[in-house]
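The next block holds one structure in the form of structure tokens; read it before the comments.
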Amino acid sequence: MTDRRRAVLIPGRGYTVRDPLFAYAAEALTRRGLEPSGIEWQVPSELSEADRAPWVQRQVAAAIDDRTDLLVGKSLGTLAVPLAAERRLPAVWLTPLLRYPGVVAELERSPSQFLLIGGGADASWDGETARRLTTYVLEIPDADHGLLVPGPMARSAEALGKVCSAIEVFLDDLARGPEDRATSLM
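Letter by letter, the sequence shown follows residues 0 to 185 of numbering that gives the first Met the number 0.
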């Protein structure tokens with residue numbers, strides 16, 4: 000019996016791997032033969048901006064092993080982009096910190112495919128930059144940093160459904176050869 004391949008789930012500062020985006024992402028991963036493995040952390044309150052990226056990278060490096068095939072990170076967790084780039088791991092980045100120059104620079108150098116998902120009303124999202132970095136982009140208009148949209152909750156549930164579909168398309172494309180990949184997520 001072979002070991003299942005793993006996907007490491009990287010939380011944000013206040014968004015855990017038990018919250019909805021990760022719960023549904025984990026189900027998509029499981030249905031495609033990957034074992035989701037979530038990082039649990041308590042971000043130190045005294046952590047300076049300069050120390051954030053090294054701290055995140057230490058936490059994530061400790062969770063990655065030779066079975067790891069994919070990273071899924073949200074917000075603060077996207078400071079692990081350098082690890083994905085250096086280890087050639089594909090990734091799903093939820094509400095990535097695209098206003099943080101280090102994240103963008105590392106995404107630019109990443110040799111692996113990645114999916115960027117963000118909200119049009121999220122101050123840390125930059126849709127133009129996202130579309131420049133990859134063809135795998137899902138932007139939810141009016142969505143905030145939690146990918147919630149104003150109005151009836153059904154609109155936020157619909158947005159979550161779009162996130163799930165984008166993740167499924169991305170995972171399916173990774174399993175296929177480059178010539179068979181989707182040209183658009185939505």
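Just so it is clear, CB atoms sit at the ideal spot from N, CA and C, and this is done for glycine as well.
Is the distance from the Cβ of Y14 to the Cβ of G145 below 8 Å? As a first step, residue 14 is located in the sequence shown; it is residue number 15 there, counting from the start. As a first step, residue 145 is located in the sequence shown; it is residue number 146 there, counting from the start. Going by C-beta atoms, Y14 is nearer than 8 Å to G145.
Counting only the same chain and skipping the five closest in sequence on each side, list residues whose C-beta sits under 7 Å from that of W124. For this step, residue 124 is matched to residue 125 along the sequence shown. Excluding positions up to five away in sequence, the list reads T94, L97, G117, G118.
Count the other C-beta atoms from every protein chain shown that fall within 10 angstroms of the C-beta of R5, then say buried if there are 16 or more, exposed otherwise. Counted from its first residue, the sequence shown places residue 5 at position 6. Counting Cβ neighbours within 10 Å, R5 comes out buried, since at least 16 surround it.
What are the residues that DSSP puts in a beta bridge with E34? If you number the sequence shown from 1, residue 34 lands on position 35. Under DSSP, E34 takes part in a beta bridge, and its partners are R5.
Close Cβ partners of L8 (< 6 Å) along its chain, the five nearest in sequence each way excluded: Position 9 of the sequence shown, counted from the start, is the residue given in the question as residue 8. So the list reads V16, F21, P35, G37, V71, once near-sequence residues are dropped.
Within this structure, are the beta carbons of R87 and P110 separated by less than 8 Å? Working through the sequence shown from its first residue, we reach residue 87 at position 88. Working through the sequence shown from its first residue, we reach residue 110 at position 111. Cβ atoms of R87 and P110: closer than 8 Å.
Proximity of L75 and R51 at Cβ, strictly below 8 Å: Walking along the sequence shown from the start, residue 75 turns up at place 76. Walking along the sequence shown from the start, residue 51 turns up at place 52. Between L75 and R51, the gap from beta carbon to beta carbon is short of 8 Å.
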